[in-house]
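Be aware that the sequence shown starts at 1123, since it is given in our numbering, and climbs by one per residue.
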Amino acid sequence: MKDDFRYDNINQIPRLIISDNEIIDANNSLCELTGYSKDELLSNSTEEIFIKFKINSTLQDILNINVTKSFYIFTKQSQAREIYINIIKEKSSNIQICLFIETEYPRVEQRFMYLHNMAERNHKGIAIFSMPDLVLLMASQKYIDNFIDVEQSRFELIGTKMSDIAPKWDLGKKFWDNRLKSKEDMFMNEAYINGKYMDAHFLPIIENGITKYYVITVTECTERVIYRKRLESQARVINDQKEELEAIIENMSDIFTVIDKHGNYIKMNAEARKLDPEILVGLLGKYSRNEIFYSEKGERLASEDLPANMLIEGKNVVNSRIVLKTNESEAVFEVKGTPVLDCQGRFRYGILNSHDISEYIRHLKIIEDHKKELEFIIENINEAIYIYKNKKEYLRNKLAREWFRGNGLGPCLFDMYNLYDANGNPVTEEKLLISDILNGLNLENKKYILENRDDKDKRKIIRVNGTSLMDKEENFDVSIISIRDVTEEERKEEMYRQHTERLLNLEIEKAHTLENVISMKEEFLATISHEFKTPLTVINAIIQTLETFYSNEMSGKVMDYLKKIRQNSFRQLRLVNNLVDITRVNTDKFKIHKRNLDIVFLTSIITESVQTFAQQKGVGLYFSSEIAKLVIGIDEEIYERILLNLLSNAIKFTPQGKSIYVDVEKKRHNVAIYVRDEGIGIPKDKQKLIFERFGQVDNSLSRQAEGSGIGLSLVSSLVTALGGRITLKSCMNKGSIFKVTLPNVLVNDIAEETGASSEIDKRLIQTTKIEFSHVYID
Ligand code: ADP
1123 MKDDFRYDNI
1133 NQIPRLIISD
1143 NEIIDANNSL
1153 CELTGYSKDE
1163 LLSNSTEEIF
1173 IKFKINSTLQ
1183 DILNINVTKS
1193 FYIFTKQSQA
1203 REIYINIIKE
1213 KSSNIQICLF
1223 IETEYPRVEQ
1233 RFMYLHNMAE
1243 RNHKGIAIFS
1253 MPDLVLLMAS
1263 QKYIDNFIDV
1273 EQSRFELIGT
1283 KMSDIAPKWD
1293 LGKKFWDNRL
1303 KSKEDMFMNE
1313 AYINGKYMDA
1323 HFLPIIENGI
1333 TKYYVITVTE
1343 CTERVIYRKR
1353 LESQARVIND
1363 QKEELEAIIE
1373 NMSDIFTVID
1383 KHGNYIKMNA
1393 EARKLDPEIL
1403 VGLLGKYSRN
1413 EIFYSEKGER
1423 LASEDLPANM
1433 LIEGKNVVNS
1443 RIVLKTNESE
1453 AVFEVKGTPV
1463 LDCQGRFRYG
1473 ILNSHDISEY
1483 IRHLKIIEDH
1493 KKELEFIIEN
1503 INEAIYIYKN
1513 KKEYLRNKLA
1523 REWFRGNGLG
1533 PCLFDMYNLY
1543 DANGNPVTEE
1553 KLLISDILNG
1563 LNLENKKYIL
1573 ENRDDKDKRK
1583 IIRVNGTSLM
1593 DKEENFDVSI
1603 ISIRDVTEEE
1613 RKEEMYRQHT
1623 ERLLNLEIEK
1633 AHTLENVISM
1643 KEEFLATISH
1653 EFKTPLTVIN
1663 AIIQTLETFY
1673 SNEMSGKVMD
1683 YLKKIRQNSF
1693 RQLRLVNNLV
1703 DITRVNTDKF
1713 KIHKRNLDIV
1723 FLTSIITESV
1733 QTFAQQKGVG
1743 LYFSSEIAKL
1753 VIGIDEEIYE
1763 RILLNLLSNA
1773 IKFTPQGKSI
1783 YVDVEKKRHN
1793 VAIYVRDEGI
1803 GIPKDKQKLI
1813 FERFGQVDNS
1823 LSRQAEGSGI
1833 GLSLVSSLVT
1843 ALGGRITLKS
1853 CMNKGSIFKV
1863 TLPNVLVNDI
1873 AEETGASSEI
1883 DKRLIQTTKI
1893 EFSHVYID
């Protein structure tokens, strides 16, 4: 509080009287100073009055400070007044008198008269802030409109702190501390605030060496900045594009050069640099060697026809082809060039773009040659050819012209010819397939007959092929129709067919005859065999009778002879039996009588029946079976023949001291009977042969074994007749294994029979004698 005021006329000093923090009186001077009426001031609290006057302090704070300090109060019209505040306290009561003493120049608008007037007319926003508390004392409307964040009127805003009304302009304590220290004005260009660019000027107003105010001038420069930035970015893009273009030019496969008005290169790309400088010079319009540049037609180019010279003359060079000929090589360049003229039409520089097209020209020539070759072939081929492009006739060859007298394949064909299909039916105009082929129908070797209308004896048999090729859009754009005269071919084919048919008929006739002969032969064989058999049976019966009833009357020698007779008649009988069977086995005269019999038992007794023969020869014979019994449908007589045959061979070809094993094994759907011997074995190349019919048995083999060679062939046929299979594994000097596989199937209707062993035995005695007659050992 300030004590050294002189209160000569205290009533003249604007003042408030406060009692218990309430305004109880205000004098006229205060009303004049603030523009408020008494009523507006009375009955307010001191806080309310301080807020009204926008005093940036409180009564208590003012009481506490003991230095002279001016404050700003703001009138009702928001005009700042600089004042000192003096508070006098009555000792006896709660009454306080608050004096508002105006400073020497209290009215800010008067103090900054010039600025005030200028600010209102200026396009810039101007504001004055008090320092250091940064309270807005004065502001132009422009400033309020453009640079204040809050939506309040100028009257409301004046007297408030910068941090409340424009927080983004309140650039921080540090900033303002520096401003206070430096005391120099400052420019802030293109500050980006609230989405706008601003140029700001901070001007300190210094009184008595203290910064009392800051005048802030702000201009929006958004448009300028955006425009400049746009220019900058455009410049960047242009620069990028320029670099890109230069990179493209540098790396393009074309030879790129720029020349000045003297014909000198001012720019060239990598391709150009690669080139022989003499060629470049040539393109420039200067010869380095004599007469090396020619036109495509082979004419020597005059100097003024060289591309660079044309450019310098201001002429465009349009796809000019230049042939470069040296002693060693020839190259073709395609050159394009554009002169760049200034606004007066004078040549500034020329752009030359060249490409070595020698390879392309070479390919073109090859294609051209191929085309010619192809055309030659098409022209001279032995077929009439029509080629259509986009459904229009494009080409026809010599034969096509000859046959159709220059006509196409449309209905005009009927002017010359009658057309028939392969069956001789007339082909009418509507049935002509030409338009279908042009629309993609593929015709393959379709036969037609062309009959000459003038001379019906002149007929051609033709074969037509038609194919269409599709373009990228899947339209049929090229069709080829070829017509071949096959009259002669057809004639020959027909002759050949007739000839073959005749031959075939002859063959059939021959086969018939052969069949008859064979059947006659077989008949003959059957009859003769039978005829052989009857006397043999009689001989055997007689021998039997002699041995049974007259053995006492015969000497030992006679008995020996008789035995030999019997032995040989058995051999004969075996052969005859085999012959009879082998001729019948494949005919329907051969009957099979299957009964349900135990194959294990059957095999064991058959094996047992030849035990004596084995013993006589000193060969071991063993039977074994992994199963005790297995009943299957079998013809036991046939099975006997099979097994006895295999056993007789085994005994015959097994040397003394070795053994034979007969095994029965049950398989999943069948039964296998093995006859294994340790005999001489059968060579590999003969193994198949021994099952062949006797007619094909190798004579040397059968001779060597002293047999007729039909036994195994018969066995094989008999096994097949029983629905089984026979196979052989054999190793020379080690032995052979014959495996007979028979179906494990019962026969219908007939109940299981074991087969009376006595009946089988009786038959076996006789059969084994016959079957073993060829291994009989005296
Ligand atoms: P054959 O009626 O003369 O006995 P096969 O058809 O039964 O004739 O036999 C043909 C030939 O096969 C015999 O002559 C013999 O050379 C050979 N052969 C057959 N079985 C055996 C065997 N177990 N061991 C060695 N050779 C055999």
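Backbone N, C-alpha and C fix where the C-beta goes; we use that ideal spot for every residue, glycine too.
As for any beta strand (DSSP E) of minimum length 3 sitting wholly inside the stretch 1695–1747, the runs are 1717–1720, 1742–1747, ordered along the chain. Annotated as proximal: glycine 1247 and aspartate 1267, with beta-carbon spacing under 9 Å.
As for any alpha helix (DSSP H) of minimum length 4 sitting wholly inside the stretch 1496–1521, there is none. In this structure the stretch 1500–1508 touches the stretch 1599–1609; the number of beta carbon pairs closer than 8 Å is three or more.
Beta-bridge annotation (DSSP): tyrosine 1319 is paired with Tyr1314. Leaving aside the five residues that flank lysine 1580 on each side, the residues in its chain whose CB is nearer than 6 Å to its CB run, in chain order, Asn1574. Beta-carbon to beta-carbon, isoleucine 1782 and leucine 1743 are separated by about 5 Å, close enough to satisfy the 8 Å threshold. For asparagine 1373, no pairing in a beta bridge is given by DSSP. Within the stretch 1168–1251, the alpha helix (DSSP H) runs of at least 4 residues that lie entirely inside it are, in chain order, 1168–1174, 1181–1186, 1230–1233, 1235–1243. Considering only Asp1577, Glu1612, Glu1611, Ile1556, the residue with the shortest C-alpha distance to asparagine 1587 is Ile1556. With a cut-off of 8 Å, the C-beta of valine 1837 is classified as near ligand 1, since at least one heavy atom of the ligand falls inside that distance. Where glycine 1755 is concerned, the enclosing beta strand (DSSP E) starts and stops at 1753–1756. Distance between lysine 1176 and phenylalanine 1277, taken at the CA atoms: about 12 Å. With a beta-carbon spacing of about 6 Å, isoleucine 1217 and isoleucine 1139 fall inside the 8 Å limit used to define contacts.
The secondary-structure analysis by DSSP pairs threonine 1589 across a beta bridge with Ile1602.
Distance from the CA of glutamate 1345 to the CA of isoleucine 1444, rounded to the nearest whole angstrom, comes to 56 Å. Under the criterion of beta carbons closer than 8 Å, alanine 1794 and lysine 1861 qualify as touching, at roughly 6 Å. Contact fails between the stretch 1371–1381 and the stretch 1342–1362, because fewer than three Cβ pairs, one in each stretch, are under 8 Å apart.
In the same chain as histidine 1715, and ignoring 5 residues on each side of it, the C-beta atoms closer than 8 Å to its own belong to Asp1757, Glu1759, in chain order. Taken atom to atom, the span from the alpha-carbon of serine 1835 to that of threonine 1842 is near 11 Å. The shortest CA-to-CA distance from leucine 1463 to any of Ala1430, Lys1383, Arg1619 is the one to Lys1383. For glycine 1459, the enclosing beta strand (DSSP E) stretches over residues 1452–1463. Comparing C-alpha distances from methionine 1284 to each of Lys1305, Lys1788, Asp1255 shows the shortest one belongs to Asp1255. Of the candidates Asn1475, Ile1859, Tyr1570, the residue whose Cα lies closest to the Cα of proline 1461 is Asn1475. Here the C-alpha atom of phenylalanine 1745 lies approximately 33 Å from the C-alpha atom of alanine 1663.
For glycine 1803 against serine 1858, the beta-carbon gap comes to about 6 Å, under 8 Å, which counts as contact. Counting C-beta pairs closer than 8 Å gives three or more between the stretch 1762–1769 and the stretch 1887–1894, which meets the contact rule.
The beta carbons of valine 1337 and alanine 1322 sit about 11 Å from each other, so the pair does not count as a contact at 8 Å. Serine 1557 sits in a helix when the DSSP states are folded into three classes. In this structure, the CA atom of isoleucine 1195 is about 54 Å from the CA atom of alanine 1357. As DSSP reads the structure, proline 1865 sits in a beta bridge with Asn1792. Counting of Cβ neighbours within 10 angstroms places threonine 1550 among the exposed residues, the total staying below 16. Of Glu1787, Lys1739, Ser1651, the smallest CA-CA separation from glutamate 1748 is found for Glu1787. Per DSSP, the beta bridge partners of arginine 1137 are Leu1221. Only residues of its own chain outside the window of five on either side were considered, and among them Ile1782, Val1797, Asp1799 have a CB closer than 6 Å to the CB of alanine 1772, listed in chain order. Going by beta carbons, threonine 1168 and isoleucine 1132 fall outside the 9 Å limit.
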